[in-house]
Structure formats: structure tokens, C-alpha cells
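Residue numbers (the numbering used here), protein chains in the order written: chain Z, 1147 to 1574; chain C, 1147 to 1574; chain A, 1147 to 1574; chain P, 1147 to 1574.
Working notes for the structure below.
There are 4 protein chains.
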Amino acid sequence: MLTVEVALARAQAAIGMIPGEAAETIASAADPERFDWRGLVAGVHATGNPVVAFVSQLTAIVRAADESAADYVHRGSTSQDILDTATMLLCRDALRRVHTDLLRTAGALAGHAEAHRDTVMAGRTLTQHAVPITFGLKAAGWLGQVLDAITRVERVLATALPVSLGGAAGTLSAYQEFTERDSLDLVEPFAAELGLVAPPAPWHSGRTPIADVAAVLAFVSGSLGKIAADVAVLTRTEIGELAEQGAPGRGASSAMPHKQNPVHTTAVLTAARQVPALVSVLHQCMVVEDERSAGGWHAEWQPLREALRLVVGAAHNGAALTEGLRVFPDRMRANLALTGGAIVSERLGAVLTPVLGKVETKALLTEATAMTADRPDDLPDVLAELLRQHGLDADAHRWRALCDPEEYTGAAARLTDRAIERYRAVVK
Amino acid sequence: MLTVEVALARAQAAIGMIPGEAAETIASAADPERFDWRGLVAGVHATGNPVVAFVSQLTAIVRAADESAADYVHRGSTSQDILDTATMLLCRDALRRVHTDLLRTAGALAGHAEAHRDTVMAGRTLTQHAVPITFGLKAAGWLGQVLDAITRVERVLATALPVSLGGAAGTLSAYQEFTERDSLDLVEPFAAELGLVAPPAPWHSGRTPIADVAAVLAFVSGSLGKIAADVAVLTRTEIGELAEQGAPGRGASSAMPHKQNPVHTTAVLTAARQVPALVSVLHQCMVVEDERSAGGWHAEWQPLREALRLVVGAAHNGAALTEGLRVFPDRMRANLALTGGAIVSERLGAVLTPVLGKVETKALLTEATAMTADRPDDLPDVLAELLRQHGLDADAHRWRALCDPEEYTGAAARLTDRAIERYRAVVK
Amino acid sequence: MLTVEVALARAQAAIGMIPGEAAETIASAADPERFDWRGLVAGVHATGNPVVAFVSQLTAIVRAADESAADYVHRGSTSQDILDTATMLLCRDALRRVHTDLLRTAGALAGHAEAHRDTVMAGRTLTQHAVPITFGLKAAGWLGQVLDAITRVERVLATALPVSLGGAAGTLSAYQEFTERDSLDLVEPFAAELGLVAPPAPWHSGRTPIADVAAVLAFVSGSLGKIAADVAVLTRTEIGELAEQGAPGRGASSAMPHKQNPVHTTAVLTAARQVPALVSVLHQCMVVEDERSAGGWHAEWQPLREALRLVVGAAHNGAALTEGLRVFPDRMRANLALTGGAIVSERLGAVLTPVLGKVETKALLTEATAMTADRPDDLPDVLAELLRQHGLDADAHRWRALCDPEEYTGAAARLTDRAIERYRAVVK
Amino acid sequence: MLTVEVALARAQAAIGMIPGEAAETIASAADPERFDWRGLVAGVHATGNPVVAFVSQLTAIVRAADESAADYVHRGSTSQDILDTATMLLCRDALRRVHTDLLRTAGALAGHAEAHRDTVMAGRTLTQHAVPITFGLKAAGWLGQVLDAITRVERVLATALPVSLGGAAGTLSAYQEFTERDSLDLVEPFAAELGLVAPPAPWHSGRTPIADVAAVLAFVSGSLGKIAADVAVLTRTEIGELAEQGAPGRGASSAMPHKQNPVHTTAVLTAARQVPALVSVLHQCMVVEDERSAGGWHAEWQPLREALRLVVGAAHNGAALTEGLRVFPDRMRANLALTGGAIVSERLGAVLTPVLGKVETKALLTEATAMTADRPDDLPDVLAELLRQHGLDADAHRWRALCDPEEYTGAAARLTDRAIERYRAVVK
């Protein structure tokens, strides 16, 4: 808020609303160390917002420095102008940190995608092996999601964080009292001082900036949550295809020395469980009556702060998670073998349908996979045998080849390449 | 889903994956009337998704038309490709209707803003009169919010609604089985058939499109909710500054013949209470494990459908509300008079501060407004008297002029003009 | 609503407010078949609630039967009395079905707990094997959760579903107009007609009953969601300790004949993702202004209906899931062996601490488990060797016994017995 | 957590698991001042939970006091036992404070209800005057809601806050290692030490206690929110029927000296906007996989803490709000007069229906209220005139009496008495 009051004073000086020296006196007096923080907290309880007590302390501090400058503090302003603008600075700072960590994450994922472009693993749907994919494709999918998040964060950082300047009820009338010029002329220099956007109108009760930030926080949290949800599955003891890089002591259990808990994954999932609900409060707070609502504005403060905190943390953990991710191609291959050829039953269907028709094919494959449920390696032979019973010439060798999951990854490699290209275009 | 299967077949024909005649047979057989809808519902219960039974009925219908074409139905496809693409069509249809109604709303608001550019009314904060505003500014504020919503809806309509094409686990491998060409070549013609976007990658488990739609739904709902929240206040019996245009019979009470309920306002507020929570489910559903989640995908269906329905309804009611809104400037003036000059105490402060200093000024104004709480018209005289007691020369006439709320609306008129200009730029 | 109007008429007849014959005429005319349903839907759009058109149709129907009885329809009543009471009937019906299915679920789980009281499996925390548990204990934990849900459903069914009777603004004044008796005397017979509770006061704007139902719906959904979340893990291809009983055709994939999707599990998880957000809307709708809110009441309708639908479905699927659950003790044992003795490292710590002290013990176990990470069976020997290096007498046999997970299940069996006892007490 | 570790040690001493002296050494060493709080925070980051570092510091502190006692610290325990039990203590403390403030609120409301048993005011529905009520009834309605909240808080305090005791995966096996007795015997003395409930089973992944607390927090928040929503309406400048008692300096505006913001009301509404969403996170966190979830447990911490904080604050503000509430019966009467007799049109309908029939009556009243919309006092005369035109004998005096809102408050007084009686029964 200090930064905001200083910027406001300087902007007012720039349009001749207050003397330039007063602005500089305010600027040089504005030292966080001089504030009585307990008094500020008490002030929140007394007035229902943190600005009233803050302005009164700041006025006293400035007065101590220069009696005449004190009356220029917070001139024409209202609590919400200061607090909303300070909130935008907070959002910018948080989103910049998020952006940095998302770039790290994207870089790490592009590396994994490239390294494992052809590492075959089981694709899973509804908890079951479905058809083969590659780990490259999986990493590429995560990368695409992170790039989507990056572009949305960049859009908000570039265009969606405005200063707030409206006075008591959005008319800037108190600012107008102190200047011959159009009070709206104050907006641009105020925004320029802080590097924020000059909004088309005051937004005290039109909460577009909060809604835009909220949406991007939900997006980032969900995007990282997707990655963490996958990692949580793939690091399971029985699956073991991935592991978090364990820093010494991190993720240690208090009772079980052998355990290495996936702490980054857990942290990301923890955030992902909370952010959508916090964002729903922020969306709900768009619905406010009057020029300032009784409660609607105030209810934004804590959820926004908390959502920012969680997403900054999630982005940081997401970077650590992806940069340190250990990949075990052998386990991927071993798991893939669990269902033998059944994992390519879709392909077998595609091959058989032109010969047997759709219905017959489905029946035959269902029978064959049921028969080999506990000896999946025998699927090719069983299939060949069943086809022979149908009077068809069936070559077990050919079926063995068709059942090889490595040969059934479709466009995985090309999609991986595309995602890497997209990454290069985004970060260039 | 029918439209989607037809588009898929035609796209497959376009790249030579299936015969062109087969695609046209599917297209001409695709008649909603031929489906057994009860059977489809039963199919959802049996398989957990609506596509399996649908494809099986469609296959039968096509087979009845042309035995040989049946095997080309749904070729290489998976439930999620069909359902997600159909969902995007649904979103497009809904958002187009929302867009149309938001434009109507913006037009109506621009009209109100222009007509009431200089209609003074009380600005209210935390339920209390604060400083004067104009109804033009209030309408301009609503208009700005609606324009923000329009630009966001347009962005989603133009760029954020892709087809889904990934096959069982995002590799398109089953499509690949049926063509010599790159299966990814199927994406562009499929998108072109439907007028949707070609996505950079399959999005079965990367839910960017749903998240983007969700965010815009929350935004529209909140924007209209803000307007309705204000109208609900201003139509109160005691305030009476606005009224919904009552169509005969609409908003009638079953027991109280004199009552005209604000039904459009109520409908918008009803939606606004629900949409943020539904959107939070959609954001939560970004966090899905595997190539398709057990529950994460399915949990999107109903909240998305419901949120679309609510927002389409809210936009429709919002248009009716704003187009039919009756404005009562006399009541605005009368209400403004309730607090007499106290509503401009901020201005009085600005005038007195240079003379008395900040602290003294506040004390004096607090005293004067307390003294005249139940006879607000006397404020100028009381002020003059108090100033005289402070040894200052005080002219009651001047104070009466300063206390005129009509003279204290700051940048309201200019902000109103700006919003109307912005409206013209957006709808041009 | 028909049931409610009939009950109201009969209650009014019981206290002499209307003639008994009129009540019976209303009762016998009240046939859903006679209503014009499209007209009712149109009425909702016109008036913003479904009761106005309904009462007008009912009046016409009764008039057709007996001119004189028509004026007794809906006498003194208001939309909300009818709709809220009808909603309570709906809640009762839904919660009874939920209750029945929860009892089935509890029975199934008690059976599993008993059958697998001593079936050892891996306990998992943060996705990793932690210490051994039994499947009996796991089923007992689920059972406890379901019993908690049952007791809460029973409490709501028994005490929390009242009739609504308040008239236009909660004073019952319109009812009072038609009787010499105290209008409050109408409440008891009205409640008795419907088997609902007589509330202490009208609850048009005091939404205790909705909040109580909402809380129990969230509770049931979460309780079943916990079970489904566990089943989803344990049915994974690599883990395979549980499987849903596949009914023929259920859970079939449209493209992959070999797959059996866990459809009940998925359905329960689908509901569990949505219900908390719907419940949050209902909780939010407690905050309503006035004797009836503009939007607050209306926003309850759809989320409540949807939450009831989801929880009824979840309970039904939960019963099918648990009754048909297949348990594979061999896979449990095989998975348990994956980490060899490491899964009892906690126990080894307990044994070593008195000898080596806490710090030394932790270091030694961390070393031993790290050394045997990929040959877990060797843990006992490695431990014995390390202890010998510490100058301690170490018997490999003893360490092999200590490393047996079957011998380290603590109070699992006794806790299982307790849960079964509790089940018997609840269902007795 | 300190309290919990001490209680655990004493309970273990009580069943002979550790020496009594060790327990007392731990108890006397357990001094919050001795902890390195920065180290604890760093520990959270390193291990993902606050217990690991805490136990290690506590062990060091105890070791410094008595080398031999150190090994008895946290014996057999796991982070979650300590943290969940500490959370229950926190919930108890918060709910006790809430309970105290709800009792104050109920007392204040009972006072208002009694004092204004016969103070007539306008009942409002959908923002419009509907029929007359009394302020006594309104206060009684709020009181009923608060009494509902009190009984639910009492139920949770009495029965729903258990200790957590399960060890690493709910089997208590590590506790079992250190005792010849049944490890379950530890539960009762542990609960007794802390005055908490002994649960039927460990609840690490069966989150009944959290869900119960969550539900009651949503209930309290919503109940107080209802009151605040009403007060926010009735304190509006134009309505002015209620006002918050302004403590000097409280609710002051930074820019507008005349304004007295309703800060308690705003604070309660601020909480009410947030709590339902936080509660939805807690309900969602019932759905956790495994014996301890990766993220599901951790995601409870902050929302629970925040919801407790908000509800404690709301209850405190609710008490201040209701105790200091100023009531203005004159304004209530004046506002009631705004709609003249129209506010009793429902009654007029009841009187006319037997004479004119339902349809005719509605038409006539709609006409009469439309004709007198801007001169409501003339309604009785206009009605009498219209009736005469219908050939009915109409006495203007009688109609004037029927139009008196004071005579049309139905069961308001009796409902007020009942609520006060109920209050006395609850607080007795």
C-alpha cells in the first residue's frame, strides 16, 4: 500500500494536483519500518478495512518529516483505490513467479518428451490398461497443458492488471476537487508509476481484474494438478514407472525410514484440491450490490491471497517435480507386458473387422482375451487357433507381430515432436 | 453426436480412409427420428457413457440402409472423441446465444447511459449513501462489465472450441490402422466440417477447452449478476428508482395481486448463485489421472450442461431486464435529498482541509453531520455556524452551493461518454 | 405438489377451515393425468415459480368436478408453502432409497470384513507401501464410514424434514382469515397427513431443513467416494487386488473388447466430484434477505434436485460395487512381497531403538533399506550383517521372522471385529 | 501438538507402555518457549508436514532434560495421530467460543423479539412489500435459526470430536510393539487426558470428524449470514428501520465523515460468502485414496483453519451486531404506509373471494391496486366504489379497517412467544 500511496502522490504531482516536493517527502518518509504493525491490525478490526489506520499512520509519519506535506497524503483517495491497486501489484508479483516456474516446468517436460519420444508404456483409461502410448507423448501432453497455462498467465500479466482509481463511489469527484484539470488525467501517470494498466473505468464494483486473475489461477492449478495426478499414479509402489528425485531428508516419514514420500506431487495436489473452491468465491464476489458492497469486496481478500499463495507454491513444486523426475523405461515395458497382447485388442479389431465384420470381431476378441486373462502372452496363439476354427487361414507369427505394443503407438511420436516445436515457439 | 459422427465420416472420406459413398450413406441415414431414445438412456446406465449404445444404434440404422457402409461407422474412434466434440458444438451454440443477448443488453445499457448521462442519484457503499453519482455512470459501469463479458465470449468462440480426435488413448492409433496417410491429417478436415478449431494435440485428459468455457461462463454470470444485484436494491419498495417492465401476468404472485415481482432480476440472481460452484467442479475436473480418468471426465457433463443452461437463461433474462428497465429520476432525486448535504461531506472535507487541516476538518464534519442527522437540509447553516465559532468567515450561501449533490459528480459524465464510445467500438 | 395440496385441504377440513367434502373433492380430482404439463412449464417461465400455474390448473380441474369446491383450493396458501413441503417429500423419498442402499452396502462390507479378517495386504500412504494392514481392516474402515452415514441419514429422516406453513410472509395471516381457531393449529394435522415433522416456526427464510439435508448428502457422497477412491486404486491393472463384478455388457468399452471398466466405481467418483459444490450452493442459500429472497430460494431448486439424484445414484452404485466386489488375496500377498521386509521397517525400528537409540536406529534402517531396494527379500540378512558390524549379536532367523508382514498387523483383527459388532448394533 | 504429545505419553504411562517418570519428564520439558519456530517452518517445507521437525525438536529438548526419557517421545506414533488430535483440540476451542457468542446472540434476539412482539413492519418478498409482519416475528425467526445453530454446535462439541490414534496405517501396530496389553487400551486414557471422545476406530482416512465440523461451520455461518443479510437491507439509508450501534471510531469511512458503516454486518456477510466454499473443500477431502492420501489430508489444513477463524469471527460480530442493534419502530410504520392498504391485498382477497369468487376477486384487486399505485391511502375508497359498481353494498369504513396492516399480522405474536419459550428451554 505504501508503494501505491507514493505512486499516487507522484502522479498527482505530475498533473499539478499537489506540489512535487510534497510527493517526494511522502516518498522518502514511506518506510515500512516506521509503521506500528500492531496498530494496523487493530485498525482493521475497528474500521473493517486495513487502509484507514494505515493512512492515519502514514499521515503522522509524513507530518513528522514535514508538517505541510501531511495534508497531501492520500489526497482525494478512498480505501478501495489503494487496496485494489496494491492487490494488483501482489497479483503481478505472484504471477511473475508462477510464470518463471512454469517456464522451468515446460523446459523440463520438453526434455522428458524428447528423451522418451519412443519409450513405450501402457496408456490407461478408467484405471485399466487401454492401448500403448509413449512416455514422450505423456510428457508432451503435460507440456501442452503447461504451455496453455503460460500463455494465459502472460495474457493476464500483459493486459489484465489495472490500477484502481475511482474515489468514494467511482466518480473521482474528490480528486476533481483538487485540480483544474480533468481528474481522469490522473489515471495514466498513476498506472505508469506502477507499471500497471490504465483501466477504461473505475472497477470498484466491476470486478473484471479479480475474475481474470481468478480464472488463470484455477487454470494453472488444474494444469499442474493433472501432472501431479499422473505422477501420483505412476510412482505407486506396484507401478514404479516414475519417482520424484529425493533430496536428502525431503519426504521422509516420521515413522518409516524406508519411505520416500512424493512431496512435490503431494504439494501440487494439495493446492489443486483447494484453488477451484477459492476461485468460486472470487467469481461469486463479482455479484456485488451498490458502488461498494457490504461484504462482497471484503470476501475477496483472503481467498485471493490464499489462491495466489497456493498457486505460487504449486508452480514452484511443479518445477521441482518435473525437473527432478526420474523415469524408469524398464518398468514401463514390464507393466506393458502384464496384459500381453490384450492391450492392442483395439488394433486386432481393426484388422479383423474387414474380414469378420464388426459384431463377429468383437465377440471373437472378447472370447480370446477372456481365455488368456491370466496368461496374456498366449493371446496370439489362441487368436490364431480361434480364427482357424472360423475357417480362416491364421498365421501365429503375423498375430504375434500385430500384438507387439511397440508397433502400435500411432501418432505418438509426431505429436511429441509437435509439442516440442510449440514449446520452442512459446519460449523463443 | 450425430453431427459429429457424420463430420468424422466425411473427414475420413476426404483423406481416403473410408469410401466417399459410405460417408454419404452415414450422413443420409443419420436421422434423430430413427433412434430408440429409451434404449440410449438404458445404454448410459449399462456402459457408463452415452456413446456406446448410440454407436451401436447408428451402426444398425446404417446397416439397414446399406450393409457395406455399417463397418465405416465410428471407424477408429472412441467415445470421448465423439462426446467431447459434441460438447464443443453445444458450447458454441450456447455461447452464440449468450453473445446475441449480451449485445442486446449492451445496446440497452448504452441507451440508458446516454439518456441518463446527467441524472443524479445517490452513490451507495456498504448500504449507506456515500457521494452522488449519476445513473448514466451506473449504467456505464454495467455496460463496461457487459463489454468485458462480450470480448471474452468472442475470444472463446473464435479460438477456444476445438474438435477432439485422439482415439482410445490420445495416439490416434486406431485411426492410423485404416490409412496410409498420417492420421493427424484427419484433424483439419474434421474441424473444417464442423467449423471448430483444430487443436494442437488430443485433449482427452488436458481439459483446456472445458476450463476456458468454464471461466467465461463464470464471467458472464458474475457480470450479469452485478447488474441484477443493483436492480434488486434499486427496485425495493422504499427506494423505487428502477422497476422491471412488467409484462402482463409475468412476476405475478399467487396470493398478492398488487405485487409485481422482479422476475428477470430474480432469474439472473438465481443463476449467479449457482454458476461459480458448477464452474469450480469443472476446474476441479482438470485434475484427472491417466489417459482418461475414472470419474473426472464424467463429472464434467452435468455441471457444464447446467452452467450453460443457466448462463443462456441469465443472458436472456439480462437482455429482457435491461431493455425493459424503467428509470425514475424523480425518485433518485428524492432519495438523494434524504441525507441532505451529508452526501457531499467528502467534498466539504476537501474544501475545509486546506483551511483547518485534516484532523480538525474531520472532527468538525463529524459533528455537523451528527447534529443534522434528522434534519439534513440544515447542514449548510449548521456548518456555517460552526465555522463562525472557529473564528472563520462562513457564508451560508456558499455552503449551500457546495452542498448541492448535482454539482459533485466528478468525472461521471466523461466516464459515461467513454463507456458509450467503447460500446460503439465493440459492436461496430 | 398435488399430494401437498390434498394434504393441506384435508388438514384444513380437520380444523374446520373448509368443508370436509370440499377437501375430498379436491383429493379425488387430484389426478396428475389431468394436468397440462406444457402449460405448467410455460407458467414457470411467466411467473418464476412452478406453483402459480399449477394452482390455477388445479383450481380449474376441481371446478370442473364441483364448482363450489374450487374456491377451497390452495386456501390461504403461498407458493413457497407448497413447494417447500413438496421438496421435503422428495428429500424423504430420496433419503429412504439412499438408506436402503447404504444398508445393503454395510451388509456387503461386513461380509468382506469378516471373510478377510486376516487377509494381509499392503497399507499405503502417499502412494507408497507403508506398513501391512489386512483387507478386513480396510473393509471395516469403509463399513465404519458407511455406518456413520447411515446414522446421519436416519437422524435427518426422523427429525429434520418438516412441512412448510407460513403464508405469504411467515405469519399465516391468510390462513387465519378463514378460521376462528388459531391458524397454528393447522400445522400438526398438515404434518400428520404427510408424515412429516411439524416445525417450530415457518422456515421460508430460515433454511435449516435444506442445510441439514445438504450436509447429509455431502456426507454420504464423501463416504462412498472414499470407498470408490480405494477401489479405483486397487483395481488398477498393476495392483489387481480388487475387481468389480462385471455384469455382462456393463462397463464395456466401445473400442477395446478386452477392457472391463469399473463402472460402479466411476459412477460413485463422478457423484463425489460434484456433490460438495452443489452442497456449497445450498449452504450459500441460507444467506437470504427478507421474508423471501430474490434468487436465494430459487437457486436451491436445481442443486438440491441434482445432489439428491447424484447421491441416490451413488448409493445405488455403492451397493452394487460392494456386493459384487471380487477380492484377490493372492495379489495382495504378491504386492506385499514387492517391498520385502521394508514394509515392516517401522517394527524393526521399534525393536532396535532400545538397543541402538533412536538416531542410530534410523540411520541403520535407512541404510539397510537403501541397500536392498531392488532385492527386498535380502533385507533380513543385510540387517543381521550390519548389526554384526555394530558388534551386536544378530540372528538372521529372528530378523526373518520380524520381517514377516503377516506378523505385524497390530490391532487390525480386533478393529475388524469391533466394526462388525457396530454394524450388528446399527442394523439390529 | 505439545499438549497432544504430553497426553499421549501420560496415556502410555497409564497402561504401562512407558515409565511414568518418562511421561512426566516429557510433560515438564514441554515448553513452547524452547522450540525453534523457524526450524519448524523449515521442517514443513522439507517433509511436507509439521510433525516430523516438531518431534525431532521435542526429542532433543527432552534429551537435554533427561537422556533416558528421549526415546519415549512420540513412541509408536505417526504424524497424523498428533496433528489430527491437535486439530480436534483447535476445533473444540473454536466451537466453544462460537457457542458462547451464539448464546449471547440468542439472548439479544430474544430481547428484541420480546420488546417488539407487536411492532408492525412490512414483510418483504422478492424485494417488494408483501404483507405486514412484526419485528418481533423477524427477531424470532433469527432466534430460531440461532437456536438451531446452537443445538448443532452442542451436538458436535459433545459427541463428534475424537482423538486420533492409529499409527502409520491405522493398525496401531507400532504402539503394539511396546506393550503386552492390547494397543487399543491406549485409546480411552488418551481421550480422557484431553477430554475428547474415544472413536470407534482410527479415522486417518475416514474423515467423519472433519465432515461433522465442516457441516456445523457452514450451518453457523449461514445462520448468521441470514441475519446480516436482513440487517444490511433494513439499515439502508432509505429504509432505516435498523442501525448498528456505532462504537466511536468503528465503521468510520476514510473519506466520508458522515458515514457509519455497518461493520459487524459486513464482517458476518464477508464470512458467509467464504465458508460454504471452504466447507466444500473439506467435504471433497473425504474422498481420499489409501491409508493416507497424497494431498487429500493436507488440503484440509488451511480451509479448516480458515473456516474456523471466519466462523469464530462471524459469531463474535453476530453477538456485537445483535446486542447493539438499534430498532426504529417509527420508520417501520412509515415504510409500511408507503403501499397503503395494498400490503393487505391478500386479506382483501380472502374477504372478497367468498362473495365474488376467486377469479373475479383477483381481477378487482389488481385493478384497485393499479389505480391507487401512487396514492395508496385511497385504496379503501376506490375498493368500496368498485364494489358498488359490481352492485355490492360496500362500506368504506369497513374497508378502511380491513386495510389496516396492524390488524393483519396473523400468528406473528404467537410465533414470537413460541420462539422465546424455545430459547428459554435451550439456554435453561
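Glycine included, every Cβ here is placed at the ideal spot set by N, Cα and C.
These numbers come from a predicted model, not from an experiment.
Cross-strand partners of residue i (DSSP beta bridge)
| i | result |
| --- | --- |
| I1279 of chain C | C:M1267 |
| A1389 of chain A | A:R1472 |
| R1451 of chain A | The partner list for R1451 of chain A (beta bridge, DSSP) is empty, contrary to what the question assumes. |
| R1438 of chain Z | C:T1271 |
| V1343 of chain P | P:P1308 |
Residue i and residue j closer than 8 Å at C-beta
| i | j | result |
| --- | --- | --- |
| T1317 of chain P | I1161 of chain P | no |
| L1283 of chain C | T1562 of chain C | yes |
| R1243 of chain Z | A1461 of chain Z | yes |
| A1304 of chain Z | D1358 of chain Z | no |
| L1154 of chain A | S1223 of chain A | yes |
| G1503 of chain C | D1217 of chain Z | yes |
| E1339 of chain P | L1471 of chain P | no |
| P1475 of chain Z | T1265 of chain Z | yes |
Chain-order list of residues whose beta-carbon lies under 7 Å from that of residue i (same chain, five-residue window excluded)
| i | result |
| --- | --- |
| E1143 of chain C | No information on residue 1143 of chain C is available, as it lies outside the stretch 1147 to 1574 that chain C covers here. |
| D1328 of chain Z | none |
| L1424 of chain C | P1449, E1452 and A1453 |
| A1175 of chain P | I1207, V1208 and A1211 |
Cβ-based neighbour list, residue i, same chain, cut-off 8 Å, excluding 5 preceding and 5 following
| i | result |
| --- | --- |
| A1232 of chain P | M1147, T1149 and V1150 |
| F1365 of chain Z | D1294, A1295 and R1298 |
| L1186 of chain P | P1196, A1199, F1200 and Q1203 |
Selection from the options that minimises the alpha carbon distance to residue i
| i | options | result |
| --- | --- | --- |
| L1532 of chain A | A:Q1406, A:G1166 and A:A1514 | A:A1514 |
| S1214 of chain Z | Z:V1244, Z:D1239, Z:E1167 and Z:G1185 | Z:E1167 |
| I1279 of chain C | C:R1479, C:K1574, C:G1537 and C:G1495 | C:R1479 |
| T1416 of chain A | C:T1416, C:V1427 and C:Q1420 | C:V1427 |
| R1313 of chain P | A:R1493, A:A1320 and A:T1193 | At residue 1313 of chain P the sequence reads Gly, which differs from the Arg that was named. For the residues A:R1493, A:A1320 and A:T1193, the minimum Cα distance to G1313 of chain P belongs to A:R1493. |
| L1272 of chain Z | C:A1337, C:T1246 and C:N1195 | C:N1195 |
| T1171 of chain Z | Z:A1188, Z:W1183, Z:K1508 and Z:R1209 | Z:R1209 |
| A1557 of chain Z | C:V1362, C:Q1322 and C:G1185 | C:Q1322 |
Contacts around residue i, its chain only, beta-carbon distance under 6 Å, and the 5 residues preceding and following it disregarded
| i | result |
| --- | --- |
| A1418 of chain P | S1367 and G1371 |
| M1163 of chain Z | F1324 and T1325 |
| E1469 of chain Z | A1254 |
| H1245 of chain A | V1299 |
Check: residue i C-beta below 7 Å from any heavy atom of the ligand ZN
| i | result |
| --- | --- |
| E1506 of chain A | Judged by which ligands are present, the structure shown has none, so any question about the ligand ZN falls away. |
- Task: Would you check if there are 3 or more beta carbon pairs closer than 8 Å linking the stretch 1344-1356 of chain P to the stretch 1333-1347 of chain A?
- Result: no
- Three-pair Cβ contact test at 8 Å for the stretch 1514-1527 of chain Z versus the stretch 1228-1244 of chain Z: no
- On the three-pair Cβ rule with 8 Å, is the stretch 1553-1572 of chain P touching the stretch 1345-1365 of chain A? yes
- Segment contact, 8 Å Cβ cut-off, at least three pairs: the stretch 1459-1478 of chain P with the stretch 1406-1420 of chain P: yes
- Looking at chain E, which residues of the stretch 1424-1441 of chain P have a Cβ within less than 7 Å of any of its Cβ atoms? As a matter of chain content, chain E is missing from the structure shown, whose protein chains are Z, C, A and P.
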